[in-house]
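>
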Amino acid sequence: RGRKLSMINSIFYKNHCPVMLMFVGMAGSGKTSLVSSLHNKLKSIKFYHYVVNLDPLVISLPYVANFDIRDTISIEKLIKHYNLGPNSAVLVSISLFISKFNQIIEHFQKLSNNFFYCLIDTPGQMDFILWSISGLILSSLLKFSFRSLVIYLIDIYRCYSNGKSFLSNFLICLCILFKTRCKTVIVINKFEVKNKNKITFSLNRSSSDFVKTFNYSTTIIKSFEELILTNCFKQLNIFKISNLFFLGINDFFNLMLQS
126 RGRKLSMINS IFYKNHCPVM LMFVGMAGSG KTSLVSSLHN KLKSIKFYHY
176 VVNLDPLVIS LPYVANFDIR DTISIEKLIK HYNLGPNSAV LVSISLFISK
226 FNQIIEHFQK LSNNFFYCLI DTPGQMDFIL WSISGLILSS LLKFSFRSLV
276 IYLIDIYRCY SNGKSFLSNF LICLCILFKT RCKTVIVINK FEVKNKNKIT
326 FSLNRSSSDF VKTFNYSTTI IKSFEELILT NCFKQLNIFK ISNLFFLGIN
376 DFFNLMLQS
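In the working numbering, the protein residues as written are 126 to 384.
1) With DSSP run on the structure shown, which of helix, strand or coil describes Met151?
2) Can you tell me whether Asn294 is helix, strand or coil according to DSSP?
3) Using CA coordinates, which residue listed in Val177, Pro211 and Asn212 is at the minimum distance from Asp196?
4) Classify Ala152: buried if its beta carbon has 16 or more other beta carbons within 10 angstroms, exposed otherwise.
5) Where Cys142 and Phe148 are concerned, what is the direct C-alpha to C-alpha distance, given to the nearest angstrom?
6) Taking C-alpha atoms, which residue in Asp180, Phe370 and Leu167 lies nearest to Ile245?
7) At the level of alpha carbons, what is the spacing between Asp376 and Met251?
8) According to the neighbour-count rule (16 or more other Cβ atoms, all chains shown, within 10 Å of its Cβ), is Pro187 buried or exposed?
9) Give me, in chain order, the residues of the same chain whose beta-carbon lies closer than 6 Å to that of Arg272; leave out the 5 immediate sequence neighbours on both sides.
10) Starting from Phe364, trace the beta strand (DSSP E) in both directions and tell me its first and last residue.
11) Determine whether the beta carbon atoms of Phe172 and Phe233 lie at a separation below 8 Å.
12) Roughly how many angstroms lie between the CA atoms of Leu163 and Leu209, to the nearest whole one?
13) Hey, is Lys315 close to the ligand FAD, as in C-beta under 7 Å from one of its heavy atoms?
14) So, for Ser237: in the same chain, excluding its five sequence neighbours on each side, which residues have a beta-carbon less than 6 Å away from its beta-carbon?
15) Along the chain, which unbroken stretches of the beta strand (DSSP E) at least 3 residues long are found entirely within the region 147-192?
16) Give me the Cα-Cα distance between Val215 and Cys307, rounded to the nearest whole angstrom.
17) Can you tell me which of the three DSSP states Ser259 falls into?
18) Tell me whether the beta-carbon of Thr247 lies closer than 8 Å to the beta-carbon of Lys156.
19) How is Asp376 classed by DSSP in three states: helix, strand or coil?
20) Cutting at 6 Å between CB atoms, please list the residues of its own chain near Gly249, excluding the five before and the five after it.
21) Inspect the beta-carbon positions of Leu380 and Asn362 and report whether they are closer than 8 Å.
22) Across which residues does DSSP place Asp246 in a beta bridge pair?
Here it is in structure tokens:
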């Protein structure tokens, strides 16, 4: 094991450039838990890395973030003084934080030879990455300063009984891909659920099998299948994991090592 780690270290330092991993997905998809698992994995093999938390509403974290938006911005004060709702307050908090994110980028650039990865945990409010300018600024800063990878998490537990939920998540992922222009990986989390046979079957075969499995017959779904799903299923990397039972984590971790 020690020989393998030394070989990996030599490969990294030969052409070293840190990799920025941005975890996005709906609320409850398991972003924070996955970041925590990867953080512990990286610590165990002594890979130096940073962790950034961009969720101002989170109460507690299973890891210690090097940069935490809650240390800079109080979302409670924003809600109270500007009479904002929770979603608006999240967007405003991230926008304020991103306006100074170039300072964090400069810090990373100064120490770029001393760490391998940066794990960026984002909130479940997808508006910031889909519609807000702050999401575009964040992805652009990461993309043009370092190597970057967007990890989109899908909660399989909410999709196994209804393929439309999976298709909605998939289309949101494509929107993020087209907007950020970053390399994107789909991670299907919570694969320990019992009634997942339908989606497992469709993922292991083709997009046409996916459509047939859920009995889609509408014209728009057929159009999606022909124009989008057929190509994207072939192009995107899709990983099936269970963070609860640590299934598939090693395969995803190997992707990180190769990214």
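C-beta: ideal position from N, C-alpha, C; glycine also.
In brief:
1) coil
2) helix
3) Val177
4) exposed
5) 19 Å
6) Asp180
7) 26 Å
8) exposed
9) Cys142 and Val144
10) Asn362 to Lys365
11) no
12) 34 Å
13) Of the ligands one can find in the structure shown there are none, so the ligand FAD has no counterpart to examine.
14) Pro143
15) 174-178
16) 23 Å
17) helix
18) yes
19) helix
20) Met151 and Ala152
21) yes
22) Phe148 and Asn178
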